[in-house]
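So in the numbering used here, the last one in the sequence shown is 779, and the numbering has no gaps at all. Yeah, the Cβ is synthetic: ideal placement off N, Cα and C, and Gly gets one too. Predicted model, so just to flag it, every value in this text is computed and none were measured. For reference, the structure is listed below as structure tokens.
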Amino acid sequence: MATQTTTTTTASASLSRLLECPVCGDYALPPILQCQNGHHLCTRCQQSVSRCPICNAPKGINRNLALDQMAEISMFPCKYHSLGCSATLALAAKHAHEMTCPLGPCFCVLGADNCSWRGRPQKLVDHILSKHSFIPRMQGENVVVTATGFDKVQNFTWFVLQTCHGRDFLVTLKRISENSSFKQFFAVVVLVGSSKDASRFQYRLNLCGSDQRLTFEGSMRDIRSLVECVQNGNGLIFSTSTAERLFGGGDLKMDITITFHHAGW
Numbered sequence: 515m516a517t518q519t520t521t522t523t524t525a526s527a528s529l530s531r532l533l534e535c536p537v538c539g540d541y542a543l544p545p546i547l548q549c550q551n552g553h554h555l556c557t558r559c560q561q562s563v564s565r566c567p568i569c570n571a572p573k574g575i576n577r578n579l580a581l582d583q584m585a586e587i588s589m590f591p592c593k594y595h596s597l598g599c600s601a602t603l604a605l606a607a608k609h610a611h612e613m614t615c616p617l618g619p620c621f622c623v624l625g626a627d628n629c630s631w632r633g634r635p636q637k638l639v640d641h642i643l644s645k646h647s648f649i650p651r652m653q654g655e656n657v658v659v660t661a662t663g664f665d666k667v668q669n670f671t672w673f674v675l676q677t678c679h680g681r682d683f684l685v686t687l688k689r690i691s692e693n694s695s696f697k698q699f700f701a702v703v704v705l706v707g708s709s710k711d712a713s714r715f716q717y718r719l720n721l722c723g724s725d726q727r728l729t730f731e732g733s734m735r736d737i738r739s740l741v742e743c744v745q746n747g748n749g750l751i752f753s754t755s756t757a758e759r760l761f762g763g764g765d766l767k768m769d770i771t772i773t774f775h776h777a778g779w
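Printed below as a string of structure tokens:
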């Protein structure tokens, strides 16, 4: 069985090497286009040239269906294999893995439109503190934060770094509804770290009024899952009317508690 597995893996690796772009060495993935002489390039190189860099023929618009089919059955290393990732994946799983690969880069929490930084998660906190000092940092497993004017800004997004248990966590409060007459907000906490490390923690969010409370308890996700959490509503969702009932139209106060996953509330 071991010999068969080794042979299959070697054969798949040989197939994937046939898909390497002759210019940059990256893999050409479907749809794979070829010049009139049959030379293929990866999508990035294909878009950046007007003629085939191999034979100088006009770059083609015809697909190489044989290579497309080969890509579908080949196994590919993670694009971050040079950083130490040992994952080998089918084409269908490659993109999803690379989006959350623990050795891949993450992006600034302000989004690509506002900040072009990308790097290792371990460097994100330093980046925030040096370049986005308006994001406060608070210490302790239980903190109370105040968001001013949260219901008056059209594209409200607000962050706090919370440091406890020797780790950094990002608290996010964001408006998710574009309807001016019905405003919805979303709050979540994620670990600045890997998904494996995040699984060790849990968190609780409390919106506490004088006689009412809105609570959300959840398992911690990692920083790369922040966009997914917002899109899937994996956090505390509440409306402006709920906040007004709790806080009487004043500033929003949110109580945040982070504990290890085995701890009882």
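### Length of the line joining the Cα atoms of PHE683 and LEU605
As a working note, residue 683 is residue 169 in the sequence shown. As a working note, residue 605 is residue 91 in the sequence shown. As the crow flies, the alpha-carbon of PHE683 is around 33 Å from that of LEU605.
### Query
Roughly how many angstroms separate the alpha carbons of LEU638 and PRO572, rounded to a whole number?
As a working note, residue 638 is residue 124 in the sequence shown. As a working note, residue 572 is residue 58 in the sequence shown. Each residue's alpha carbon lies about 44 Å from the other.
### Burial state of ALA516 (16 or more Cβ within 10 Å)
As a working note, residue 516 is residue 2 in the sequence shown. Low per-residue confidence applies at ALA516: pLDDT is 45, beneath 50, and the placement is therefore not dependable, though the value from the model is reported in the following sentence. Result: exposed.
### Message
According to DSSP, simplified to helix, strand and coil, what is LEU533?
### Response
Working through the sequence shown from its first residue, we reach residue 533 at position 19. If DSSP states are grouped into helix, strand and coil, LEU533 belongs with coil.
### Message
I need the DSSP call for HIS641, collapsed to helix, strand or coil.
### Response
For the purposes of this step, residue 641 is taken as the residue at position 127 of the sequence shown. Of the three classes helix, strand and coil, the one that applies to HIS641 here is helix, per DSSP.
### Query
Between which two residues does the beta strand (DSSP E) harbouring ALA661 extend?
By one-based count along the sequence shown, residue 661 stands at place 147. Run containing ALA661: 656-661, per the beta strand (DSSP E) assignment.
### Task
Give the DSSP-derived three-state secondary structure of ARG609 in the structure shown.
As a position in the sequence shown, residue 609 is number 95, starting the count at 1. The question names Arg, but residue 609 in the sequence shown is His. Here HIS609 sits in helix by DSSP.
### Closer than 8 Å to chain C by CB, PRO572
No chain C appears in this structure, which consists of one protein chain only.
#### Entry: For PRO591, the nearest candidate out of GLY574, GLU612, PRO635, GLN583 (CA to CA)
Position 77 of the sequence shown holds residue 591. Measuring from the Cα of PRO591, the nearest candidate turns out to be GLU612.
### Query
With 16 other CB atoms within 10 Å as the buried threshold, where does HIS554 fall?
Counted from its first residue, the sequence shown places residue 554 at position 40. By the neighbour-count rule (16 or more Cβ atoms within 10 Å), HIS554 is buried.
### Query
So ARG558 is in the alpha helix (DSSP H); what residue range does that whole segment cover?
In the sequence shown, counting from the first residue as 1, residue 558 sits at position 44. That run of the alpha helix (DSSP H) goes 557-562.
### Task
Please report how far the alpha carbon of PHE795 lies from the alpha carbon of ALA712, in whole angstroms.
What is shown of the chain runs 515 to 779, which leaves residue 795 out entirely.
#### Entry: Range covered by the beta strand (DSSP E) that runs through PHE761
Counted from its first residue, the sequence shown places residue 761 at position 247. Taken as a continuous stretch (DSSP letters only), PHE761 belongs to no beta strand (DSSP E), being part of the alpha helix (DSSP H) at 754-761.
### Message
Less than 7 Å between C-beta atoms, sequence neighbours within five positions excluded: which residues of the same chain meet that for THR519?
### Response
Here residue 519 refers to the residue found at position 5 when the sequence shown is read from its first residue. In this prediction, THR519 scores a pLDDT of 44, lower than 50, which makes its location untrustworthy; no coordinate-derived value is stated.
### Query
When DSSP labels each residue in this structure, what does ASP540 get in the three-state scheme?
Within the sequence shown, the letter at position 26 stands for residue 540. Of the three classes helix, strand and coil, the one that applies to ASP540 here is coil, per DSSP.
### Task
Starting from the C-beta of GLY552, find all residues in its chain whose C-beta is less than 7 Å away, skip the five residues before and the five after it, and write them out in chain order.
If you number the sequence shown from 1, residue 552 lands on position 38. Leaving aside the five residues that flank GLY552 on each side, none in its chain has a CB nearer than 7 Å to its CB.
### Extent of the continuous alpha helix (DSSP H) run through ASN669
As a position in the sequence shown, residue 669 is number 155, starting the count at 1. That residue, ASN669, is in no alpha helix (DSSP H); it is neither H nor E in DSSP.
### Message
Using 8 Å as the threshold, is the C-beta distance between PHE670 and ARG689 below it?
### Response
Position 156 of the sequence shown, counted from the first residue, corresponds to residue 670. Position 175 of the sequence shown, counted from the first residue, corresponds to residue 689. Going by C-beta atoms, PHE670 is nearer than 8 Å to ARG689.
### Query
Expressed to the nearest angstrom, what Euclidean distance is found between the alpha-carbon atoms of LEU675 and ARG759?
For the purposes of this step, residue 675 is taken as residue 161 along the sequence shown, with counting starting at 1. For the purposes of this step, residue 759 is taken as residue 245 along the sequence shown, with counting starting at 1. Near 27 Å, if we compare the C-alpha coordinates of ARG759 and LEU675.
### Query
With DSSP run on the structure shown, which of helix, strand or coil describes GLN745?
Here residue 745 is taken as the residue at index 231 of the sequence shown, counted from 1. DSSP places GLN745 in helix when its eight states are reduced to three.
### Task
Grab me the residues of ASP765's own chain with a C-beta within less than 6 Å of its C-beta, minus the 5 sequence neighbours each way, in chain order.
Taking the first residue of the sequence shown as 1, we reach residue 765 at position 251. If we look at ASP765 and ignore the five residues flanking it on each side, its Cβ neighbours are THR660, THR662.
### Query
What does a CB cutoff of less than 6 Å around PRO567 pick up in its chain, not counting 5 residues either side in sequence?
For this step, residue 567 is matched to residue 53 along the sequence shown. If you ignore the 5 residues before and after PRO567, its C-beta comes within less than 6 Å of the C-beta of VAL537, all in its own chain and listed in chain order.
### Task
Name the one or two DSSP bridge partners that PRO591 has.
The residue you call residue 591 lines up with position 77 of the sequence shown. According to DSSP, which records beta bridges pairwise, PRO591 is partnered with THR602.
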